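Residues 19 to 218 (the working numbering) are what the sequence shown spells out, left to right.
Backbone N, C-alpha and C fix where the C-beta goes; we use that ideal spot for every residue, glycine too.
Keep in mind the model is a prediction, meaning the values are calculated, not measured.
Reviewing the structure listed below.
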Amino acid sequence: MAAKRRAETMEETRIKLIAAARKAFAEKGFAAASMDDLTASVGLTRGALYHNFGDKKGLLAAVVTQIDSEMAQRAKSAAAHSDDDQHKLLAEGKAYIKMALDEEVRRIVLLDGPAFLGDPTKWPSQNNCLQATRESISDLIESGLIKPVDVDATAWLLNGAALNAAQWVAASDAPQHALPKAIQVFTLLVCGLLKDVKHP
């Protein structure tokens, strides 16, 4: 029972620290967020942070993983409203790019994440996205709904296009102005794969 309680306490501590970090990183940015202020805001010590995440960067990685997973779910939900399978792929990518306007996503995942954690294609959460895209493309090819293309190459290029478009919007001086341009070009890229279909 003691071991179970310890595990529960550790999980509660992780949840508290991730929630506090999300708030601090979104408001101040990763570099400016104070670890002492962050831990004190949830009644914990720096020791708890180091014990659970190793260091500040480890905490950022946990926050990015959580938000990235939420982004994938939001994109899937947006795609669920599409009329057909062909356009689900497009709707998912467009929804992902639009999240660049969400301040938490913009600052933590699209700007600070790559700056401090390195290449997003190496993040476990991005690899999950890539696998989901592979499966979608494979299904569409089997159904004859998109041109017979290499599944891996297509998944990498589409995921890369959506991520880079979102990063470009996030880093723009005028994100609202950049977004429709990014969406327009992404739409043309995806529609180039589709068989005999009108652009939505």
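- For residue 98, the uninterrupted alpha helix (DSSP H) run begins and ends at 74-98, by DSSP.
- For residue 74, the number of other beta carbons within 10 angstroms of its own is at least 16, and it is reported as buried.
- Residue ranges of uninterrupted alpha helix (DSSP H) with 4 or more members, entirely inside the segment 101-187 and ordered along the chain, are 103-116, 131-135, 142-160.
- Looking at the DSSP output, residue 212 bridges to 164.
- Counting along the chain, residue 48 sits inside no alpha helix (DSSP H), nor does DSSP assign it H or E at all.
- Of the candidates 84, 83, 111, 173, 111 places its Cα closest to the Cα of residue 95.
- By the Cβ neighbour-count rule, residue 195 is exposed, with fewer than 16 other Cβ atoms within 10 Å of its own.
- With 16 or more other CB atoms across the displayed protein chains lying within 10 angstroms of its CB, residue 105 is buried.
- Per DSSP, the continuous alpha helix (DSSP H) segment holding residue 65 begins and ends at 64-71.
- DSSP, read as helix, strand or coil, puts residue 196 in helix.
- Around the CB of residue 117, 16 or more other CB atoms lie within 10 Å, so the residue is classed as buried.
- Cβ atoms of residue 107 and residue 52 stay farther apart than 8 angstroms, at about 42 angstroms.
- Taking the CA atoms as reference points, residue 61 sits about 24 angstroms from residue 83.
- Residue 54 and residue 193 have their C-alpha atoms roughly 33 angstroms apart.
- 179 is the residue among 179, 146, 159, 76 whose C-alpha sits nearest the C-alpha of residue 201.
- Its chain contains 196, 200 as the residues whose beta carbon lies nearer than 7 angstroms to that of residue 186, once the 5 sequence neighbours on both sides are disregarded; these appear in chain order.
- In terms of Cβ geometry, residue 71 and residue 58 do not form a close pair [threshold 7 angstroms].
- Secondary structure of residue 203 (DSSP, three-state): helix.
- In the structure shown, residue 59 falls within a helical segment according to DSSP collapsed to helix, strand and coil.
- Sequence-distant Cβ neighbours of residue 147 in its own chain, meaning closer than 8 angstroms and more than five residues away, are 86, 90, 177.
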